[in-house]
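Chains as they are written, first to last, in numbering that gives the first Met the number 0: chain C, 0 to 315; chain E, 0 to 286; chain X, 0 to 388. As structure tokens, the structure follows; a few thoughts come after it.
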Amino acid sequence: MKRNEIIVAVIMIVAGLIAPWVLPSVWTTIVSIFCYYAILTIGWNIIFGYTGLFSYGHVAFPAIGGYTSALLAEHIGLPPLLGLLAGGLAAGLMGVLIGLLILRVRGFYLCLVTWAFAEVVNVVIKAEHEITGGTGGFLAPSYVSGPNAELVGYFIGLGLMTLAFVVSAILYHSRWGLYLFAVRDDIDAAESMGVKTRFWKVFGFTAGCAWAGVAGAFYAHYFNLVDPSIGGLDEMGKVCLIVIIGGLGTVYGPILGSFFVVIVAELLRGWMGGYSLLIFATIMILAVRFVRGGFMEIIQVVSPHLKNKYLALIGK
Amino acid sequence: MLLELIIRGITIGLVYALMGVGLALLNGVMRIINFAHGEFYMIGGYMAYYSMAVAGLPFYLAVPSAIAITFILGAVVEKLLLSPIHTQEIEKPMDYALIMTFALLLFFRQLAIKIFGPFRHKPPDYIPFDVHILGVKITGNEMLAGIVSLLLVLGLALFIKKSWRGRGWRATTLSRKGAKINGVDIGKESWISCGVACALAGAAGALVAPIFTLSPTIGGSPLVKSYEVMAIGGLGSIAGALVAGLMLGVTETLGAFYISSAYKDAIGFLMMAFFLLFRPQGLFGQK
Amino acid sequence: MKKSALFTVLFFVLSVLFLPGGAMAADTIKLGLVTPMSTGDFRSGKINVQTVELAVEELNAKGGILGKKVEVVTADDEGKPAAGVIAIKRMIASEKVSAVVGLWHSSVAVAQAKVAIQSQVPIMLHYSWTDDLTAGHSDYVYRVGPFNAEIAQLALPYMKKNFKNIAIMYETNAFGTGFAKYLEKIAKAAGLTVYSIGYPQEATDLKPQLLQLKAKSPKPELLVIAAVYEATNLIPKQSYEIGLSPEMQILCSWDWPTYPAFQEILGDKGVGVTYATFESDKLKLSPLGEKFKKAYKAKYKMDPPVFALFLYDEVMILAETMERIKSSDPKDVAAGLKDTKFQGTTGLITFERKEEPGPIWNQWTGHQLFINKLTAVEGKEYKREEIYP
Chain C
0 MKRNEIIVAV IMIVAGLIAP WVLPSVWTTI VSIFCYYAIL TIGWNIIFGY TGLFSYGHVA
60 FPAIGGYTSA LLAEHIGLPP LLGLLAGGLA AGLMGVLIGL LILRVRGFYL CLVTWAFAEV
120 VNVVIKAEHE ITGGTGGFLA PSYVSGPNAE LVGYFIGLGL MTLAFVVSAI LYHSRWGLYL
180 FAVRDDIDAA ESMGVKTRFW KVFGFTAGCA WAGVAGAFYA HYFNLVDPSI GGLDEMGKVC
240 LIVIIGGLGT VYGPILGSFF VVIVAELLRG WMGGYSLLIF ATIMILAVRF VRGGFMEIIQ
300 VVSPHLKNKY LALIGK
Chain E
0 MLLELIIRGI TIGLVYALMG VGLALLNGVM RIINFAHGEF YMIGGYMAYY SMAVAGLPFY
60 LAVPSAIAIT FILGAVVEKL LLSPIHTQEI EKPMDYALIM TFALLLFFRQ LAIKIFGPFR
120 HKPPDYIPFD VHILGVKITG NEMLAGIVSL LLVLGLALFI KKSWRGRGWR ATTLSRKGAK
180 INGVDIGKES WISCGVACAL AGAAGALVAP IFTLSPTIGG SPLVKSYEVM AIGGLGSIAG
240 ALVAGLMLGV TETLGAFYIS SAYKDAIGFL MMAFFLLFRP QGLFGQK
Chain X
0 MKKSALFTVL FFVLSVLFLP GGAMAADTIK LGLVTPMSTG DFRSGKINVQ TVELAVEELN
60 AKGGILGKKV EVVTADDEGK PAAGVIAIKR MIASEKVSAV VGLWHSSVAV AQAKVAIQSQ
120 VPIMLHYSWT DDLTAGHSDY VYRVGPFNAE IAQLALPYMK KNFKNIAIMY ETNAFGTGFA
180 KYLEKIAKAA GLTVYSIGYP QEATDLKPQL LQLKAKSPKP ELLVIAAVYE ATNLIPKQSY
240 EIGLSPEMQI LCSWDWPTYP AFQEILGDKG VGVTYATFES DKLKLSPLGE KFKKAYKAKY
300 KMDPPVFALF LYDEVMILAE TMERIKSSDP KDVAAGLKDT KFQGTTGLIT FERKEEPGPI
360 WNQWTGHQLF INKLTAVEGK EYKREEIYP
């Protein structure tokens, strides 16, 4: 980990610890959702940003993690904290299976295969409604009972997000990270240099999926409910948007992107009522069309000096 | 019952084929993932509805006008929003198209809720009597949708095979650079093919509007089906898409009946994943 | 290096701190309306918004509540639990509403009810049917609308009297599944043959499910559709198309056939369809109900569906309660609501509390069930006739 990454991690924790006491209570929920998306997209960033596998089925894994944890809590009384682990493991195992399967395909095909997988998961959840509660969702217990449940959930989310951030930063600077980048940038060259590309592909995919599973389990116990909407196509679009505007393949990308898509959007949304999605879509179209570099280009317009700083910050 | 299931499967399969063909064409020429494809289906349906219920046109004019409108809309979307893919060198055209078409999906859907209202609509029946095929009763609307879909798919196949423009598209599918060198104007062909693809989706929407009725959110399922058709038939293959559509329609109907109706939508996805993983060239493609 | 990182994080923290504050002028009374408006069942959400706006206009025309103007604050819950929880929290924390109405999807409402209970703000449910919602016996959850077990009990005698084999098609959400399971249980106990088939609520091609019913033996004589909206029009239509109806009668839940869309989609095939409802020509709506129905039709060009009546009742009950207890503080309102005696649109509304476990807690149980049949089509509307009780 680089020094500025440590600083950011520490500041995130400090700001997160102060926030519930200075902000209106609704913001603990919003920041928790921010944490959910940050963990989820850190996972996707490892898969696509680091390893170069365009998975369009990423949102299936929070669904797997969430349902696993909630079902275990219901049937064998597993405590939610262990449920986070169980959710991560279940999603990770599924990640290994799918990861092995998609070794056969690349690019466009990979995107479609993973999408198909996500939809099948969605169909199964809806079809087995006797077990999963169908579209109505499945209830999951809180981390602790009592009036502080929400705050505890918030701190758990904050902790998990920081952990995910630290792990992805360490991975980014490690030898393992280099293997993943090698697979992404030139798979043939990597192979000829003796990198076990098949292993690292599956590794990158599994690591990302496991984090997604943890995110899903966190969501389930935070909202006390897991429902199929977290595995929908529109959620996947959100994941792509977050990572791409934040900076694909960078350590800070998912955090910055989630910040914009969750927190800034919330600030701007205010009381637009039923129009918020329409406005959001319009902004998205205009931004993607005319400010192609996304966030970076806006900074460029404001000040070229800042852009260099930003580039240095995200490590490009 | 088996006969009834097969006939129903074929009718719906022809509509799937029509959707899939448009997508296969677009993917061949532009090489992008288009998530807004289903929204043109929705818009086509509404255009047919408004031409009939408001402007009072008969169906044989309403459906073509829906096709014309979706063609124009598709071409405009390409010109305004998707053209950077080939005019300027974008680092990651697939990401760009993915985010852009996803934004378009949201945009069209939300706009449709505001403009068309949230309630379901249905144009008057195109053919208001039932038809009996081999003793199976199907509605005139279903028969019309099946026949017109088949004609449109065959017409497109013929166009691509015989006309100069169609050859240009095929060349672009094979090699973008090669086509460019040989005088294909990629920019122009892109917007025309995008318009045609959207018009085909619009045609499908207009044809099945009296069968499945209209609501702003109907674009989701046809989008999924057209990807399944495209993947099974092979990217850029028209004949493949036709057979794949029929195959998907029949398998789904049979599977839903004999295995489980709750898993109906999984059948198509499993077929798609199977083909992509083990036979990526599609039904008729060669390695 | 260090500076730039600090700068980013500072920006991060500052922008969170500069939030629109919660301080609001106290000369209005605020009612929260949280309902799906962009995704989920936004159709019904739209009717909810229209109903509450109409009710509040009426209140303000009469001088508001306690001499203060009434203001509706609307938020979109997108039919998703996460968005719904944020929406209701924003209502309570920043808008300081006196009560929240309009909650819709049962799954979202379950999550939202928790927030309301914790922040001690009353919520009123007008058409979320899951038994669980009131089964928690909270002092902050009130329900004017019906609940699954109640409805199934009310509908059973009709089915028993006229049919031997029934089929239920239900949406696989908290409402649909809950209702279907309960009805199946009591119908089987009453000696009926029951086939039940679930389907995801967004499905539009329901022919596979209907074909399965067609192949059943003995043939189902009645199909009960437990759906909120989408499929109520599609199932009857597709059932006719595959030749299953009119031999098999269709019982729609609930008064969706009174919507203009139903007529547009089914046309004269709609004749013969039956539907269950809570109002009827025999049970005259109260003068309040008639007035509301007329005002609604004049403003929005359609008859209000039955849940609009319940929602309208809720707004009026809240107004009456605040007038009675002379306070608009959420806690007082919640406590005051339990003594409600309000002549609503369909009957005298009181909230019942039964100590034993079950959904009857702050629950109105005065619903009467009627079954109507569409008998003929006249222009753009159906003629209907009451066939039960």
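Glycine is no exception: its CB is placed at the ideal position from the N, C-alpha and C atoms.
Quick one, which residues of the segment 242–258 of chain E are near chain X if we go by CB-CB under 9 Å, in chain order?
E251, T252, G254, A255 and F256
For the segment 101–117 of chain X, list every residue whose C-beta sits within 9 Å of some C-beta in chain C, in sequence order.
H104, S105, S106, V107, V109, A110, K113, V114 and Q117
Is it the case that the segment 38–56 of chain C contacts the segment 230–248 of chain C, given that we only count it when at least three CB pairs across the two stretches are under 8 Å?
yes
DSSP-derived helix/strand/coil call for X:G21:
Confidence is the limiting factor: at X:G21 the pLDDT is only 39, short of 50, which leaves the residue's position unreliable, though a coordinate-based value still follows. Looking at X:G21 - three-state DSSP - the assignment turns out to be coil, as it is neither helix nor strand.
Establish whether the CB of C:C208 and some CB of chain E are separated by less than 8 Å.
no
Report all residues from its chain with a CB closer than 6 Å to the CB of E:I31; omit the five preceding and five following residues, and keep chain order.
A96
Closest by C-alpha distance to E:L80, when choosing among E:L24, E:E227, E:M99 and E:M93
E:M99
Proximal chain X residues relative to C:V25, where beta-carbon distance stays under 7 Å
I85, K88, R89, A92 and S93
Are any of the Cβ atoms in chain E nearer than 8 Å to that of X:Q211?
yes
Smallest Cα separation from C:V182: which of C:V166, C:I169, C:A168 and C:V201?
C:V201
Length at least 3, wholly inside the segment 105–159 of chain E: the beta strand (DSSP E) runs in chain order
129–132 and 135–138
If you draw a straight line from the C-alpha of X:V99 to the C-alpha of X:P358, how long is it?
20 Å
Among C:L276, C:V21, C:G91 and C:K125, which residue has its Cα nearest to the Cα of X:G197?
C:K125
Does chain X have any CB closer than 8 Å to the CB of C:F222?
yes
Own chain partners of E:F155 with C-beta closer than 8 Å, once the 5 adjacent residues on each side are dropped
It should be pointed out that residue 155 of chain E corresponds to Leu in this sequence rather than to Phe. Cβ within range, chain order: V20, L24, V195, L199 and I237.
C:G246 CB to nearest chain X CB: under 8 Å?
no
In chain order, what residues of the segment 117–141 of chain E put their CB closer than 7 Å to some CB of chain X?
P117, F118, R119, H120, K121, K136 and T138
Determine which residues share a DSSP beta bridge with X:Q248 and list them.
X:L221
Name, please, each residue of chain X whose Cβ falls closer than 7 Å to the Cβ of C:H128.
T171, T176 and G197
Supposed contact pair X:K213 and X:Q237 - C-beta distance, whole angstroms, cut 8 Å:
Incorrect: roughly 11 Å between the Cβ atoms, too far for contact.
Whole-angstrom distance between C:V104 and E:L222, CA atom to CA atom
22 Å
Assigned secondary structure, X:V99 (DSSP; H/G/I helix, E/B strand, else coil):
strand
Taking DSSP as the reference, what is the three-state secondary structure of E:F34?
coil
What residues in its chain sit with their C-beta under 6 Å from that of E:G27, if we drop five residues either side in the sequence?
T172 and G235
Three-state secondary structure (DSSP) at X:E313?
helix
Exposed or buried, what is X:D204 when buried is set at 16 or more other beta-carbons lying within 10 Å of its beta-carbon?
buried
Reduced DSSP category for X:Q262 - H, G, I as helix; E, B as strand; rest coil
helix
With H, G and I counted as helix, E and B as strand and the rest as coil, what does DSSP make of X:V140?
strand
Which residues of chain X have a Cβ atom closer than 8 Å to the Cβ of E:Q109, listed in chain order?
S37
Test: C:K125 CB closer than 8 Å to a CB of chain X
yes
Interface partners of X:D204 on chain E, CB under 7 Å:
F211
State yes or no: is the C-beta of E:G44 within less than 8 Å of the C-beta of E:A208?
yes
With a threshold of 8 Å between beta carbons, is X:R352 in contact with chain E?
no
Comparing the C-beta of E:L80 with each C-beta of chain C, is any distance below 8 Å?
yes
Under a CB-based cut-off of 8 Å, is X:P207 close to chain E?
yes
Select from the segment 75–90 of chain C all residues with a C-beta closer than 9 Å to any C-beta belonging to chain E, and list them in chain order.
none
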